[in-house]
Amino acid sequence: MTFLPDRTLHHLRDLLAEPDLSGTRYELLGLAGRGGMARVYRVLDTELRREVALKLLDDAVLAPDLAERLVREARIIARLEHPGIVPVYDVGKLPDGRVYYVMKLVRGRRLDDHLRTMPPLRERLALMERLCDTLAFAHAHGVIHRDLKPANVMVGAFGEVLVLDWGVAKRLTRTAEHDDAAEAVDSAGVPGSPVTWPAATHTARVGAGDFARAVTEDDDTLTDHGTVLGTPGFMAPEQAVGAIDRMDCRTDVHALGALLVVMLTGSVPASAEAWRATGVPRPLAAICRKALASEQASRYADAREMGADLRNFLSGRQVSAYREATWERALRLARRHRTALLLVLAYLAVRAALLFFPVR
Amino acid sequence: MSGTIDTDGLHGAGGPFPPTRHSAIGRSRSLDAGERQRALGALIESYWKPAYKHVRLTWHADHEEAQDLVQGFFAHALARDVLQAFDPARARFRTWLRLCLDGFVSNERKAAGRQKRGGGLALLSLDFAAAEDELTRAGGAGVEPAAGTAPGDVFDREWTRSLFELALERLRRRCGEAGRDASLTLFLRHDLVEDGAAVPSYAELAVEAGQPVTQVTHQLGWARREFRVQVLAVLRDITGSDEEFRDEARQLLGIVPT
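Residue numbers (this note's numbering), protein chains in the order written: chain A, 4 to 363; chain B, 28 to 285.
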């Protein structure tokens, strides 16, 4: 019998750990990434002759709810057809019982890697704007991500932003109002239409208990109340205590606020109160503070609203989160209308010159 | 969307593991003497090396003593129908067997009856010299188990090695029967390289075999899948229950139990 040295034994064990893709249309190319409960493999779709990513649960037998969660994740993503969300192509089960889904192979860098070089502020804010657009699309379709963090955001070679890992995403109950909101966002391509996901309207017109009932999700049986899902530093207070029935679009807004702080400063805020903006324009700091507010009601209603405020800042308009002083308003308007102002000043200068030095 | 998602209907869905069949442990209780003998033979084939190395390293027995003890243990187990006492509900088979072995060694040492060991019992044909050679090659002869090593670690590690070695032998036979010698060669060249040897790339193997790379990866893929099948088949044979088989398979296949 052939003796197998330790190194060979380890290699063979690693081989066995690789998914057995026999019976599927995919051929294994390598491991692309590893998460808490699943691994992502680079595989070749032998029928379409293209490389794709296959996300596979580590274990389906001992924890069948994880299999359900993965399928649920795939179905949620499949419904969200947006350039900022990785499309799902297929879902299935391997001979060993493990569930997988196949998605587009994303090429790019994780946001935290991308930020190491600290690109110019305007570029970082443009990324943030795209991120808000993607989340606004999901919110309009009644889906919240619940685990937004730099590791779950990919930046492509052309600055495209992709939101990954919807494994703990939550679907909110649909109503006709939500469908209208989603339709408006769909037709607009990017959010911008005056549509509102009911987080804001609900909180405005009903109490917390009613709101909990109104948005009780239909498929969150996989997440027990009190279970904490998310990442410290990005989790909203209601998420940190596992108050599942209180989580809504504003839970994602909190994480977006933390992401904005990371983009501006390079570090994760300990809390909204503890965070001190250093060298950050005051309106931007106000956007961060509003998104990171401990009280849900004090945050932006959803990602669309936050994205709109970011756009306001980028285009020199007034930011809703910031009450500016008169001189600040004047300065902002002057900057925004710099060209027109310069023309007027030039005209006045010429007129003044003509007045004092009349042409004979 | 309902609260419960049915994952059974997904395409490609099969049973998580091969269908249950009787293991060698189950067959060792057969009323058919021939069947019983073959099953016991399969169990000894799988377990004697882990037992020998366990006694050598954990009990610090020298080659002679370990050889006598392991011979005595299996002869004793066969003669006294010790395997009948195994209850899959209480322990996994390999843990139970190791504890039986430990009890046997302890008793034998107390009785200090090396001369009596195996007295009157048929000696089994086991290649202890080869096992000793493996220990030497692995640098394990005469050394203490690494600090922090639990009592069963040596046995468990050698059990895995024995399992893989048996699966490899079965793979050789399977490749011969299926006329897939080329696949076996590629598997041996790429996945069974000796410690320190360079692993050839697919492109290098393709040049060696005079085949396109796609053909090489295809054949290698077949051998790997077949090896996996053989590992599971051996595992099925040497585990005491379906649950134990699943648990062991989960660990061997790299799936992390939660």
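All residues carry an ideal CB built from backbone N, CA and C; glycine is no exception.
- Comparing C-alpha distances from Pro-22/A to each of Gly-87/A, Glu-76/A and Gly-95/A shows the shortest one belongs to Gly-95/A.
- Per DSSP, the beta-bridge partners of Ala-41/A are Leu-60/A.
- For Asp-208/B, the uninterrupted alpha helix (DSSP H) run begins and ends at 208-218, by DSSP.
- If you check each beta-carbon in the segment 286-311 of chain A against every beta-carbon of chain B, none falls closer than 8 angstroms.
- Between the alpha carbons of Phe-182/B and Ala-60/B lies a gap of roughly 29 angstroms.
- Residues of the segment 186-220 of chain B whose Cβ lies closer than 8 angstroms to any Cβ of chain A, in chain order: Thr-187, Arg-188, Phe-191, Glu-192, Leu-193, Leu-195, Glu-196, Asp-218, Leu-219 and Val-220.
- Within the segment 258-270 of chain B, contact with chain A at the beta-carbon level (separation under 8 angstroms) is assigned to Val-258.
- Counting the other CB atoms within 10 Å of its CB gives His-217/B a total of 16 or more, which places it among the buried residues.
- No Cβ-Cβ contact shorter than 8 angstroms links Leu-32/A with Arg-16/A.
- Rounded to the nearest whole angstrom, the C-alpha separation of Glu-76/A and Leu-69/A is 10 angstroms.
- About 6 angstroms separates the beta carbon of Lys-80/B from that of Leu-162/B, a gap short enough to meet the 8 angstroms contact definition.
- Contact annotation: Pro-77/B and Ser-210/B have beta-carbon atoms that are not nearer than 8 angstroms.
- With fewer than 16 other beta carbons inside 10 angstroms of its own, Arg-107/B counts as exposed.
- Within chain B, the residues whose beta carbon sits less than 7 angstroms from that of Leu-19/A are Arg-255, Val-258, Leu-279, Leu-280 and Gly-281, listed in sequence order.
- The shortest C-alpha to C-alpha distance from Glu-54/A to any of Arg-37/A, Val-74/A, Leu-138/A and Tyr-29/A is the one to Tyr-29/A.
- For Ala-324/A and Val-347/A, the gap between their C-alpha atoms comes out near 31 angstroms.
- In the DSSP assignment, Met-106/A falls within the unbroken beta strand (DSSP E) covering 102-107.
- The beta carbon of Val-258/B sits closer than 7 angstroms to those of Leu-190, Phe-191, Ala-194 and Leu-279, all from its chain and outside the five residues before and after it, given in chain order.
- Per the coordinates, the alpha-carbon of Ile-80/A lies some 17 angstroms from the alpha-carbon of Arg-42/A.
- Identification of residues in the segment 47-59 of chain A having a C-beta nearer than 7 angstroms to some C-beta of chain B yields an empty set.
- By the 16-neighbour rule on beta-carbons within 10 angstroms, Phe-360/A is exposed.
- Among the residues facing chain A, Glu-161/B is included, as its CB has a counterpart in that chain under 8 angstroms away.
- Of Arg-339/A, Arg-249/A, Glu-71/A and Gly-236/A, the smallest CA-CA separation from Ser-270/A is found for Gly-236/A.
- Beta bridge pairing from DSSP links Ile-88/A with Val-166/A.
- In the structure shown, Gly-33/A adopts extended strand secondary structure according to DSSP, grouped into three states.
- Listed by position along chain A, the residues whose Cβ is nearer than 9 angstroms to that of Arg-119/B form an empty set, because the closest Cβ is around 16 angstroms away.
- Residue-level contact by beta carbon fails for His-340/A and chain B, as no gap is shorter than 8 angstroms.
- Judged by DSSP in its simplified three-state form, Leu-198/B adopts helix.
- The beta carbon of Ser-57/B sits closer than 8 angstroms to those of Arg-63 and Ala-66, all from its chain and outside the five residues before and after it, given in chain order.
- Chain-order list of chain A residues neighbouring Arg-252/B: Asp-23 and Ser-25, by C-beta distance under 7 angstroms.
- An exposed status is given to Trp-330/A, since fewer than 16 other beta-carbon atoms sit within 10 Å of its beta-carbon.
- Assigned with DSSP and collapsed to three states, Asp-48/A falls in strand.
- Around the C-beta of His-87/B, fewer than 16 other C-beta atoms lie within 10 Å, and the residue is accordingly described as exposed.
- The residues Val-226, in chain order, have a CB closer than 6 angstroms to that of Val-220/B in the same chain once the five nearest residues on each side in sequence are set aside.
- At a cut-off of 8 angstroms between beta carbons, Arg-63/B makes no contact with chain A.
- Between Leu-114/A and Arg-335/A, the alpha-carbon positions lie close to 30 angstroms from each other.
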